[in-house]
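Protein chains in written order, with full-length UniProt numbering: chain A, 1 to 200; chain B, 1 to 200; chain C, 1 to 200; chain D, 1 to 200.
Virtual Cβ for every residue (Gly too), placed ideally from N, Cα, C.
Shown next, in structure tokens, is the structure this report addresses.
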DNA sequence: GATGAATGAGGATTCATTCAT
DNA sequence: CATGAATGAATCCTCATTCAT
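Right, here's the structure in full:
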């Protein structure tokens, strides 16, 4: 292995991955405009032209990160639906399980989540799409008689997104709650509101 | 009257207010970095030096807008609490009323709300503060026996903030719901979850 | 007397004189570029248009101050020469007397002196002119046999200017020496250098 | 070789040195405020961003020039002292020698000297420091019995600075005197004043 | 005699991006 | 695979100066 100039001989894909990771952290903490290519490459111990070897532009790397988040989230949302009915678990348990998976993903990919779910303009589209999927799920449950058909499920699903958003930021990312527990509490809150005993 | 230099002799406070209003719209739509002083003054049919006649800097006018939002919101949150118990209204109605006032304020000040509640870095502090006030209110209700003491009211209040956030953006600002109706639905959702009949 | 708007009814010449005085202090302390018209008028409790009522431009008021200094200094330098021979005083005493008058003027007009003798580009011309007059004086003394004809009087006169410059700044303006005493020491220094007893 | 973008691939330190040199000339001729970064880079056939590649700010490059001057002058002043007594030269010759070295440095670095000794605000500190060193030297000579102890050496040293200042500008920089000759004349003037034969 | 309001013209600084090697 | 050197295109901000009253 050639070790002369520290980076010489490094695997190109390693440099690319490194830049991507550092960029995620930078964007997550300083936002798109607050992040400078010069800072990213400095932290990666690379130079600016090298950055452009792997990415078209600042927008491009940002978009790549958003897409990464979006794909994974879509996958998890879909998986959550597919798993429904696979076993004999009750509905709440199934919902909680899907949510827990998502929150675990968020937890393990904080920077990516901040970018894709909070900072980027596309986050609106992403959330909208997620809300729509949730709404469809809920409506199919209504048809099966599980939920009150008078409830506006569009409101519920959007509300759920809002709660997930907020609690991800204030409880999950602060380390105050584990994904599993947080998912459980959210599900209960939406199922029963504040008037039911919590021991169930 | 000489109208060549159209703005000459205008009222200074009008110019200031105009700049503030336009700035709010610009910041709301393009964010802090995406907003250029040159655009603001162009829309106000003024020039850049005039901007600096009324505002210290780009940061300063931004902060002024955030503060404006923060003050109004704090006022409404506090008023909402003071009004409690003044009459014989039931708790849900009181809560709904306070929330409706806030949503009305949001609705009537969309740009300001986007800035203070969504875009600015301080929005986190503002929400945190609002969540804390809500939590205190809820805890005092718990003591009076209105709510189940097993519920983690910090979760509920943060969740409520999340729901407000999200529905403000997706329902209120989209013109799909009126403040009053939205407040009612949010309150019901939090009180009873999805399992109660909505006719109450 | 009309006292409604504090400055209303003020004598125009008073405002002008006030501006001139404040401008001198500002220019003296911050230099030409470092001085802002806005600061001058603020200290005079006037407004910018008022400034332009009395002065053509920033350059104009600056020039007026330089001219003021120049005229007074020229007058003193000439007077110093005219007085020569009027009485029976010895040459050193005459020289000392003229110099003391100049230093007294400097002391009593510090800001003006800083501007005209140190800061302004014209100061070079002013000093050059002063040096020339001194040189002429010295040469006429040489002809009368008072000084050694081998001395380069252009060097001496320029040197004298340098000494006056420096000691004005470091001794006179610092309050360490009085004009009279300073003049005496300078004259001795130039007459005898460092090798003569100072008791004479 | 591609010569379209003439400067591409040039040596960075050369560009830096070039900018520094041009900046020195510009500051020397137009002062700090009168000098524009745009002029400096234009003369260097570079662009503004390149300037900021090598210097933090306009202030920074100015300060660098002042420091450069200050360091060299301090070095020369100290060297001048150290050399004293190294050989059997008489005191006047030693003093003259040290002064000649300084004047030679001034002559060979006119722009730097104008900046560090005349234009910059720090010039006062620099001169003060130089005056103090000279004074110390003189006082040590007084103790050895070389000079009259009644003379105020603080006056002499400050005066000497003034003479150096002035003659540097009017004789040295005008090309009327060589450093060596100028140093000689200054020393004689201070040693003997105007009353001694100059043939010594 | 004085001012509230406004501006033309410019100057420092920044940052994503690109050559040539 | 990587970089030293450079730049186009902005963007914020300042200041002397003027107009209409």
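Distance cutoff 8 Å, beta carbons only. Does residue i sit that close to anything in chain A?
i: residue 114(B); result: no
i: residue 173(B); result: no
i: residue 152(B); result: yes
i: residue 167(B); result: yes
Per DSSP, what kind of secondary structure is residue i in: helix, strand or coil?
i: residue 153(D); result: helix
i: residue 145(D); result: coil
i: residue 5(C); result: Note that residue 5(C) scores 44 on pLDDT, short of 50, meaning its location in the model is unreliable and no value can be drawn from it.
i: residue 121(B); result: coil
i: residue 177(A); result: coil
i: residue 194(A); result: coil
i: residue 111(C); result: helix
i: residue 90(C); result: coil
i: residue 101(D); result: helix
i: residue 137(C); result: helix
i: residue 199(C); result: Bear in mind that the predicted position of residue 199(C) carries a pLDDT of just 43, short of 50, making it unreliable; the figure below should be weighed with that in mind. Correct three-state label for residue 199(C): coil.
Would you mind giving the Cβ-Cβ distance between residue i and residue j, rounded to the nearest angstrom? I have them listed as a contact below 8 Å.
i: residue 191(A); j: residue 194(B); result: 6 Å
i: residue 92(C); j: residue 163(C); result: About 16 Å; that fails the 8 Å criterion.
i: residue 48(B); j: residue 37(B); result: 6 Å
i: residue 165(D); j: residue 165(C); result: 7 Å
i: residue 33(B); j: residue 33(A); result: 3 Å
i: residue 73(A); j: residue 102(A); result: 7 Å
i: residue 94(D); j: residue 108(D); result: About 22 Å separates the two Cβ atoms, so there is no contact after all.
Under 8 Å between the Cβ atoms of residue i and residue j?
i: residue 179(A); j: residue 104(A); result: yes
i: residue 16(C); j: residue 54(C); result: yes
i: residue 66(D); j: residue 98(D); result: no
i: residue 77(D); j: residue 130(D); result: yes
i: residue 119(D); j: residue 27(D); result: yes
i: residue 170(C); j: residue 158(D); result: yes
i: residue 61(B); j: residue 18(B); result: no
i: residue 24(A); j: residue 123(A); result: no
i: residue 161(A); j: residue 127(A); result: yes
i: residue 168(C); j: residue 75(C); result: no
i: residue 182(D); j: residue 189(D); result: no
i: residue 96(D); j: residue 184(D); result: yes
Is there a C-beta anywhere in chain D that falls below 8 Å from the one on residue i?
i: residue 193(C); result: yes
i: residue 1(C); result: Confidence is the limiting factor: at residue 1(C) the pLDDT is only 38, short of 50, which leaves the residue's position unreliable, though a coordinate-based value still follows. No, because no Cβ of chain D sits closer than 8 Å to the Cβ of residue 1(C).
i: residue 33(C); result: yes
i: residue 170(C); result: yes
i: residue 130(C); result: no
i: residue 51(C); result: no
i: residue 41(C); result: no
i: residue 66(C); result: no
Taking only beta-carbon atoms, is residue i less than 8 Å away from chain C?
i: residue 25(D); result: no
i: residue 159(D); result: yes
i: residue 71(D); result: no
i: residue 147(D); result: yes
i: residue 185(D); result: yes
Let me see if you follow: with CB-CB separation under 8 Å, is residue i close to chain B or not?
i: residue 162(A); result: yes
i: residue 106(A); result: no
i: residue 125(A); result: no
i: residue 55(A); result: no
i: residue 189(A); result: yes
i: residue 8(A); result: Bear in mind that the predicted position of residue 8(A) carries a pLDDT of just 49, short of 50, making it too unreliable to give a figure here.
Inset, instruction - Could I get the ranges of all uninterrupted beta strand (DSSP E) runs contained in the UniProt domain "HTH tetR-type" (13-73) of chain D, with 3 residues as the minimum, in chain order? - result: As far as the UniProt domain "HTH tetR-type" (13-73) of chain D is concerned, it has no whole beta strand (DSSP E) run of at least 3 residues.
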